[in-house]
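These notes are about the structure you will find just below.
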Amino acid sequence: MAQIFGKSSNSIFRVSLVSAFFGFFAFWGLVYLIYWSSYTTAQGVPREQEVPFSHQHHVAGLGLDCRYCHTSVEKSSFAGIPPTETCMTCHSRVWTDAPMLAPERQSLATQQPLRWTRVNDLPDFVFFNHSIHVQKGIGCSTCHGQVDQMPLTWKAHSLYMRWCLDCHEAPEKQIRPRDQIYNMEWTPPPDQAERGARLVKDYHISRVRLSELRDCSMCHR
Amino acid sequence: MKDAREPQVKAGATPAMDLAAMRAKLNGARGQHYWRSLEELAETPEFQAMLEREFPAGASEWWDGVSRRNFLKLAAGTLALAGLTACTKQPTREIFPYVKQPAELVLGQPLYYATSMLLGGFATGVLAKSREGHPIKVDGNPEHPASLGGSSVWMQASILDLYDPDRSQTVTHRGDISTWALFLSDLNDLLSEEHTTQGAGLRFLTETVTSPTLADQLNDLHERFPKAKWCQYDPVTRDQVREGSLLAFGRVVEAHYRFDQASVILGLDSDFLYTHPERLRYTRQFIDGRRVSTGKREMSRFYQMESTPTVTGTMADHRLPIESAKVEDCARYLAHQLGAPVQGPNTTLTSAQQQWLGAVLKDLQAERGRSIVIAGEWQPPIVQALAHALNQALGNSGKTVAYRDTAEANPVNQLQSLHDLVDEMKTGSVRALFILGGNPAYTAPPDLEFHQHLAKVKRSIHLGMNLDETAALSTWHIPQNHYLESWGDARAFDGTVSFQQPLIAPLYETKSAYELLGAMVQQQPTRSDYEIVRDYWQKQRLWPEFEKSWRKALHDGFISQTQAPPREVRVREDFDRLTPTGRTMSAGEKKPAGAPATQNVPTGKQAPVQISSTPAPVSKDTSLFATPQKKQVRIENLEIAFRPDPNLWDGRFANNGWLQECPKPVNKLTWDNAVLMSPALAEKAGLMTNDVVEVSFEGRAVRGPVWVMPGQAENTVTLHLGYGRSRVGRVGEGVGFNAYLVRTSNTPWFGAGATLISTAQNHLLVATQTHHNLHSPDRQIYRATTLDELRTQPDVITKSVEAPEEDQTLYNPEEYKYEGYKWGMSIDLTACIGCNACVVACEVENNIPVVGKEQVYKNREMLWIRIDTYYKGTLDNPEFSHAPVPCMHCEHAPCELVCPVEAAVHDSEGLNLQVYNRCVGTRFCSNNCPYKVRRFNFLRYTDYHTPNFKPMYNPEVTVRWRGVMEKCTYCVQRIAAARITAEKENRLIRDGEVRTACQQACPAEAIVFGDLNTKGSKVAELKNQPLDYAMLGQLNVRPRTTYLAKVENRSPDVKDQRPVSQPEEG
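Here the protein sequences come in this chain order: G and C.
With the first letter of the first sequence counted as 1, position 6 gets the number 16 in the numbering used here; the numbers rise by one all the way through.
With the first letter of the second sequence counted as 1, position 688 gets the number 805 in the numbering used here; the numbers rise by one all the way through.
Laid out in structure tokens, this is it:
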């Protein structure tokens, strides 16, 4: 009876063994890469909008404060998205016939809302509150990036839980003085470790509160 | 007499459970023997099997015809695909800003509005919560006198009616879709016709009206059309109370009781804690008079006689099951003994009854001026009058009982009013009938044949929220606003003027009664209900500055100090000699001769109950599957009693899934009504729960399943109204049987002479009474004591608790220190009345789905808090006790240790969390939960696709998906909201700032939640009370929810009970 396996079988088997070993890591490595890539997270991908609103122009160029449009950021979980009327405080006088702003004018005329594509969106089982973050010294740019440099807005971070926990586990790394909250240019100073620790105390984030920050119930209900 | 009641022939069907054996077992039992169901007492094999398991058979397995091989294939496939489900990208979503944002609205923050909900015509003040413009929750308005912050099940569940996709949405004309404009043109034709006859053919049929504006509109129409008539009919009528007041005082007044100031309370078939219009206030005050949790050692003693166990009856220290008709005799006995000018009992009372009444009498005499006698709405006028006479004889009037004018705009005998209307409909003199709310084609007494005569009326206009039985027979149907979409006003039971204001624009083309009547007066321009109500109040000139005061009234939801005026009344000396038919009624209304009496008052010469059995007619079905021949059992001369359903009321909530599924107080029945029957009668007749019987009464019959109800009066069967709806919507149609079919106009609430015939049919009734049972005779799940015992041994409960062994835990005692907040809950078992308000409140707050009858049968109901009702004592007259059971949030939680994916985890404040996005559905946790409080989404129960329901969900709580475990969270979203508010103000959360949904809803304030580390917090104080105990505390799981043992105030003169805290056997 002829042999079932030829001589080459040995080599094929060895190669298979080795590639299975590396393949395992390669597969999970690939999964990891895709998981953290901007393909999945949409991090850094500018989103098309019906009205190509530029934060760069309005914030860096004109110097509008974040709270001019995002009015409830200090009061509510939701920072607020400006109603058409807010846009019209200026655009009823300037750029009144710009084609770019046609949806805006139509919205006002027909009383139908504008449609924006969400840029920063959390899953439905995550409950985030803007007001408490702003109150406890987390500035806009910490999570949203330098919005004043974005012609079309994109997501600055993955918004994954690991990324949230980086800060919840060590808030002193990102905490800033209250007068710097809306400063887009703020970056942690060289002595942030020391300043941060002091601010944590000033904001009444005690040791007990720090442990609460890591509870699941902080964000999941 | 006694012999005649014995069954003549031993009846046919063998009961599945042997009631006689249960009886013997209970007689032999010593000490505190609690039981929850007949199944438990019978120790059926099924019940035993269920106790052993986390879920009953079928609840956790998939047995629907999948072979082992196929199962393994599916399992492999599932495993292979399971990982892939996580590989989805988050979908891109849109966001829609306002065009013009309302100034008061902060996106993401709730707004609260004070408005009023009406039931039985009376207003209860509510605070409705709105998120981004849609109402999501309704709770009691703490400042409103009829609520005091408490809720009823109906109030909590009313939000679902707003979003009900089966609501009527357009005007219909003879069943076809039509428009309001077409209706108006027809209305104008009608009005021009009626102008010539001064409205002789115009009739208005309303429910009980307390609204000043609506009454004003109707009076206004009466001026335009002097011959038009206004009739009122509410199936849950207070006719007996009105007539009783006329009989006793010669005028219609309402009695108002101060239960908190009474030492002895006697209920004559009264359900004042659940069905009375003042239920929430009475609950609070009744419990305040009995609250011993704060160290007080005084409480009122409550005696109740009733035919069927009610919420109120379960709270009694001594409860006497007695036929409804016998209540009059008991009242006469007492009144006679107290020297009131009345005759003694019509029949002789048994010695046991006399002994019981003797104890009542002794207590009443000892507490003159500090007692209350209250008669139920079901009792005939003479019993109402006897109760008034008793209160007067005891010197209670002006102390614990006050009289006020009624809040009703036009108090009439409603049954008579409907009767007169039908008489006119018969003769054809009614040319146009406006039915403003209500569903008389379904609720009217069958002998009036309202539905037949309605079809003959030339123009009938029905205003209602559903395309119901009446809508189907009416010429025009106008969809009605929900109260959260409508402006309006009404009076509370005490007369306080209360306002309704809308939280949302009408979802459909709906109208309110105000707008419909308004259109009869003025159509150009159409006046909205807002203008109509506002104009009415502006005309009243109540306030010097209208706009300011009007806004304040709307803000508060009511106008304070507008109670009906108090009246000093004396009971007429001769009331017992007056006959109900011989009197003049309220002004201008005469009862024609020959009209039916208000109540079929059974005489003393009642025939004894007869049970007989005959062989069933021979079936022609010779196939293998023919049911075995049973003997037909016939029971005659029974008393029949009707009651509004504890969930569906008169049927108006039939399409409300929350209410259909809410386990009814006492018997825990869901998705059905039943013929409630006493164990003694069932035993004699050989009937058992689920046997379908035919109930015949006054020549009419209806079929329904039997439910053997411990504590039911022996010869009374009780039928609950509101089921058997033929047209209401997808949820309520065909559920249960229609008890209205045998509720004739002679017998609004009870009557003698009903016949019951067994059938060969069976109908499966599903009750949650056996579910999630913690059965264990030696564990003392439920603890109770008496006031006397507590006075002599303050530590009676503490002593009885077996101390846990501290080292018996798998937890590292150092792991959690709880230095911040330490949340805990205390539930007062003396205060819990078992009304279910917490259960429904929890469903609304936490987006808990309805699962349906079949799933409830499989023990898959999703309720996060359940109310376990325990029975103690005999089958015929058990004591009832309620224990609300939410998640205990154990410090040494057994569930957490077994979760393979850490979905059940602890937090630093002691909350026992369930992280839905981690849960993979192994159900190990619920298997390990000693309290059986975890609920698993076996199927996709939550409806996330019907657009109507989307705005109803609480946006602060995750909507769970299939395959996920869930349970009570201590309303963690409310803790989070309070924490953020407090942190922003750099302070700690104050005591009382976080209230769980169940706590907020509880009308009795039985549930207290708070931080155990806050010095002097209410919950910490309660946990230091000697009555505090942990359910299953001996397991050393250290539950954060603990109970305050029930305290009863027993009379030493009633010998119907065993002492409560004898040592346990074994």
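Beta carbons: idealized from backbone N, C-alpha and C, even for Gly.
For residue i and residue j, what's the separation of their Cα atoms in angstroms?
i, j, result
"C/Phe-342", "C/Gly-635", "14 Å"
"C/Thr-806", "C/Ala-137", "15 Å"
"C/Lys-1101", "G/Ile-142", "6 Å"
"G/His-80", "G/Ile-91", "6 Å"
"C/Pro-796", "C/Val-825", "6 Å"
"C/Ser-514", "C/Asp-480", "17 Å"
"G/Tyr-170", "G/Val-218", "25 Å"
"C/Arg-1035", "C/Thr-926", "25 Å"
"C/Arg-668", "C/Glu-395", "26 Å"
"C/Leu-244", "C/Gly-257", "6 Å"
"G/Ala-89", "G/Pro-56", "20 Å"
"C/Asn-1103", "G/Ser-87", "18 Å"
"C/Leu-299", "C/Gly-237", "32 Å"
"C/Val-459", "C/Tyr-280", "53 Å"
Tell me, please, which residues DSSP counts as bridged to residue i.
i, result
"C/Pro-995", "C/Gly-990"
"C/Ser-514", "C/Val-518"
"C/Thr-289", "C/Ile-294 and C/His-594"
"C/Arg-1077", "Bridge partners of C/Arg-1077: none, in fact."
Would you mind reading off the limits of the beta strand (DSSP E) that contains residue i?
i, result
"C/Arg-436", "435-438"
"C/Gly-870", "867-879"
"G/Met-249", "In the structure displayed, chain G extends from 11 to 231; residue 249 of chain G sits before or after that span and is not available."
"C/Ala-630", "C/Ala-630 -> not in any beta strand (DSSP E); alpha helix (DSSP H) instead, spanning 630-638."
"C/Trp-604", "Taken as a continuous stretch (DSSP letters only), C/Trp-604 belongs to no beta strand (DSSP E), as it is neither H nor E."
"C/Gly-941", "940-945"
"G/Phe-31", "From DSSP, G/Phe-31 is part of no beta strand (DSSP E) but of the alpha helix (DSSP H) over 18-46."
Check whether the Cβ of residue i lies closer than 8 Å to any Cβ atom in chain G.
i, result
"C/Thr-861", "no"
"C/Ile-212", "yes"
"C/Asp-1024", "yes"
"C/Asn-530", "no"
"C/Val-1177", "Per-residue confidence for C/Val-1177 stands at a pLDDT of 38, beneath the threshold of 50, marking its modelled position as unreliable; the derived number appears in the next sentence. Output row for C/Val-1177: interface = no."
"C/Ile-728", "no"
"C/Ala-1093", "yes"
"C/Ile-253", "no"
"C/Leu-1028", "yes"
"C/Asn-1218", "A query on residue 1218 of chain C cannot be resolved here, the shown segment of chain C reaching from 118 to 1183 and no further."
"C/Lys-708", "In this prediction, C/Lys-708 scores a pLDDT of 38, lower than 50, which makes its location untrustworthy; the coordinate-derived value is nonetheless stated afterwards. So no, C/Lys-708 is outside the interface."
"C/Tyr-1033", "yes"
Hey, quick one: how far does the alpha helix (DSSP H) through residue i stretch, first residue to last?
i, result
"C/Met-542", "531-544"
"C/Asp-303", "297-313"
"C/Met-272", "270-280"
"C/Pro-1011", "1011-1015"
"C/Gln-357", "356-366"
With a threshold of 8 Å between beta carbons, is residue i in contact with chain C?
i, result
"G/Thr-94", "yes"
"G/Lys-211", "no"
"G/Ile-14", "no"
"G/Gly-206", "no"
"G/Arg-115", "no"
"G/Leu-27", "no"
"G/Phe-135", "yes"
Can you confirm whether the region 847-864 of chain C touches the region 754-765 of chain C when touching is taken to mean that 3 or more C-beta pairs between the two stretches lie within less than 8 Å? yes
Is the number of C-beta pairs between the region 285-295 of chain C and the region 1101-1116 of chain C that are closer than 8 Å three or more? no
Contact between the region 785-795 of chain C and the region 375-385 of chain C is defined here as three or more beta-carbon pairs at a separation below 8 Å; is this criterion met? no
Does the structure place the region 359-373 of chain C close enough to the region 224-236 of chain C that three or more beta carbon pairs sit under 8 Å? no
Flag this pair as touching only if the region 959-972 of chain C and the region 931-943 of chain C have three or more C-beta atom pairs under 8 Å; answer yes or no. no
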